[in-house]
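Structure record follows, encoded as structure tokens.
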Amino acid sequence: MKESVKNELNILLGVVEGVQKFLKEDGSVKAMMLSAALFDQFWRLKDELEKESPG
Numbered sequence: 116m117k118e119s120v121k122n123e124l125n126i127l128l129g130v131v132e133g134v135q136k137f138l139k140e141d142g143s144v145k146a147m148m149l150s151a152a153l154f155d156q157f158w159r160l161k162d163e164l165e166k167e168s169p170g
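Count the sequence shown with our numbering and you get residues 116 to 170, in order.
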């Protein structure tokens, strides 16, 4: 995977984790469900990108 793509994924992961932390403090169940879905989608995207471009 290109280094620039890895960097963008790491930034996105940081944003998702920050949102999850904030939402845990907020306590909104619907927001947490959406956040969990976003987190899951991030990992699916990362896996697909790694399959397409080894290295």
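Just so it is clear, CB atoms sit at the ideal spot from N, CA and C, and this is done for glycine as well.
This structure is a prediction, so every number in the text was calculated from the model and none was measured.
Item	Value
Taking 8 Å as the cut-off, decide whether the C-beta atoms of M147 and L153 are in contact.	no
Is any non-hydrogen atom of the ligand ADP found closer than 7 Å to the C-beta of E167, if you look at the structure I gave you?	With respect to the ligand ADP, the structure offers nothing, as it holds no ligand at all.
Under the three-state reduction of DSSP, which class applies to L133: helix, strand or coil?	Note on identity: in this sequence residue 133 is Gly, with Leu being the wrong assignment. Here G133 sits in helix by DSSP.
Got a sec? Which residues, its chain only, sit under 8 Å from S150 by beta carbon, not counting five neighbours each side?	V131, V134, Q135, L138
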